[in-house]
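Read through the structure below, which is laid out as structure tokens, and then see the notes.
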Amino acid sequence: MKHCRNPLHCILPPSILESIAVNGDAEQRAWAVGALGRDHAIRLARVENAKVRGDGPREGADALAVRGAVKPNRVIRDAAGTENVNGEVVRRERQKVTGDKAVDEAYKGLGDTFAFFNDVFGRNSIDDAGMPLRGVVHFGDRYANAFWDGRRMVFGDGDGQIFRRMTRSLDVIGHELGHGVTEDEAGLEYFGQSGALNESMSDVFGSLVEQHKQGQTAAEASWLIGNEVWTPGIKGDALRSMKAPGEAYDDPLVGKDPQPAHMKKYVETNQDNGGVHINSGIPNHAFYTVATTLGGRSWEGAGPIWFEALRSPALGTRSSFQRFAEITVRVAQQLHGSASAEAKAVFGGWEKVGVPAPKP
Amino acid sequence: MNVTRSIDTSALEAPQAHEVERLISELDLADLARRSPLRGGGADRFQYDLSVQAEGRRYDVTIAEDVAPPELKELLAWMLQHDAAA
């Protein structure tokens, strides 16, 4: 849910601070960026301080933002081949390895994803308030999918002919948890362009979780989503490719990757909630382009720009690609400077995929 | 990724054809078609596009798996199993 997170924004519209952050002199920009960014530190400090506070606030506690002090609270349930998401709890936080691969992969993957969001963005779980990470494995009968149901991540075992179990893929786990973060921060409606942005944010998060875990640079990353879930007989690298949308798979049984890499090939359809998994290829490729243009670690370059754009009060629940592009350019300017290499790279990424954005 | 299944009851053995007709009769296709598309919650759920030609009428239904009634899931399961057997 969108809400007024900072009383300062209630008095001054974010647009005024954003304008100062872009157009002011160095001192003015630093103040405005600090005011906009203080929101995040304040929220994190509030969570931390709520845990340590006894009868009253500790002196100076509200000024603190302690990274890395929080831990995940993982709960893994076994659906045992049914569609019951409230099955037996088979592994809780700090409990030992069970020997069930799906259980242990889900447990580890949720932990890696939690660590990414906390280490990189100072975020305490999906809702930034310590929400338990609920995973359900062995869902359904040969169920070839994984999904976020609004409260938990659910993983099937695959059919063994086309798909393997979904917990094999860390970026899939990061993708599903990413939907929870997007729901919490932006509530992007799961239809049309806003839905494709929702899907793209999850692919961004999933890919960054994988890169962060592997310590990869943007140049070293595969930029593939779900490269561990096809069975060996399927002619495909992955479910999707952020580097080359449309080229992830081409197989007589499952068909060809339908993703476009440019707005000229945008797919108008009523299927797939207006093509949310199809047209996500466009913002995916924009992010890949920005990340590789900037070089280095994607979670330090393009990642924070995209994350802050997701959190921007200017991002509506039905935002279009163009609206999101505009916000990412503004965020890059706020964080790095009006004519910075970062702002130019963001503009270039959207230009590459045919989405209009303000030129820095 | 799309997975497609198609059944022509005139090409089935009588017991199988009767089973499909029974499963379809359990559905209120007119109501589902009228309310289509029926979207669910969450993300990355399966979505089904069902087209039924029966008694001179056609019904097109688009529905997310989490809001699909049990009778529809039963029909879909039969279609998947039938294709696997073939």
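Protein sequences, first through last, are from chains G and U. For the first sequence, the positions run -15 to 344 when this note's numbering is used. For the second sequence, the positions run 485 to 570 when this note's numbering is used. Backbone N, C-alpha and C define an ideal beta-carbon position, used for all residues, glycine too.
When only Cα atoms are considered, U:S509 and G:S304 end up about 42 Å apart. In the displayed model, G:F147 falls within a strand according to three-state DSSP.
Separation of G:F175 and G:W132 (C-alpha to C-alpha, rounded to the nearest whole angstrom) is 15 Å.
For G:F123, the closest of G:D111, G:V138, G:A316 by C-alpha to C-alpha distance is G:V138.
Straight through space, the alpha carbons of G:I209 and U:R506 are spaced by roughly 41 Å. For G:G220, the three-state secondary structure derived from DSSP is strand.
By the neighbour-count criterion, in which a residue is buried when 16 or more other Cβ atoms sit within 10 angstroms of its Cβ, G:E292 is buried.
Shown here for G:K343: same chain residues with a beta carbon closer than 7 Å to its own, the five before and five after excluded, namely F331 in chain order. In the three-state reduction of the DSSP assignment, U:L534 falls in the strand class, which pools E and B.
Taking 7 Å as the Cβ-Cβ cut-off, the segment 105 to 137 of chain G approaches chain U at N129, A130, F131, W132, D133, G134, given in chain order. Look at G:R307 here: in three-state DSSP terms it is helix. In the displayed model, G:E284 falls within coil according to three-state DSSP, outside both helix and strand. Annotation for G:E173: G179, N182, T301, R302 place their beta carbon closer than 8 Å to its own, counting only its chain and skipping 5 residues before and after. A contact is defined here as three or more CB-CB pairs under 8 Å, and the segment 162 to 170 of chain G fails this definition with respect to the segment 196 to 209 of chain G.
Nearest in C-alpha terms to G:S191, of all of G:V260, G:D241, G:T97, G:R307, is G:T97. Taken through DSSP and simplified to helix, strand or coil, G:W207 comes out as coil. For U:T546, the nearest CB of chain G lies under 8 Å from its own CB, placing it at the interface with that chain. DSSP places G:T215 outside any alpha helix (DSSP H), giving it a letter other than H or E.
Take the alpha-carbon of G:P244 and the one of G:S184: they are about 13 Å apart. The Cβ neighbour count for G:P216, taken over all protein chains shown within 10 Å, is under 16; the residue is labelled exposed. Annotation: the continuous alpha helix (DSSP H) that includes G:Y91 extends over 85 to 105. Within chain G, the residues whose beta carbon sits less than 9 Å from that of U:R523 are Y174, F175, N257, listed in sequence order. Taking U:A548 as the centre and dropping the five residues before and after it, the same chain places the C-beta of L522, R523, G524, R529, Q531 closer than 7 Å to its C-beta, in chain order.
The beta-carbon distance between G:R281 and G:T201, rounded to whole angstroms, is 6 Å. This is short enough to meet the 8 Å contact definition.
Annotation: the continuous alpha helix (DSSP H) that includes G:A327 extends over 325 to 336. Interface annotation for the segment 226 to 244 of chain G against chain U: V238, G239, criterion Cβ-Cβ distance under 7 Å. Taking a C-beta distance under 8 Å as the contact criterion, G:M247 and G:V337 qualify as a contact pair. The continuous beta strand (DSSP E) containing U:T546 extends over residues 541 to 548. Secondary structure of G:D256 (DSSP, three-state): helix.
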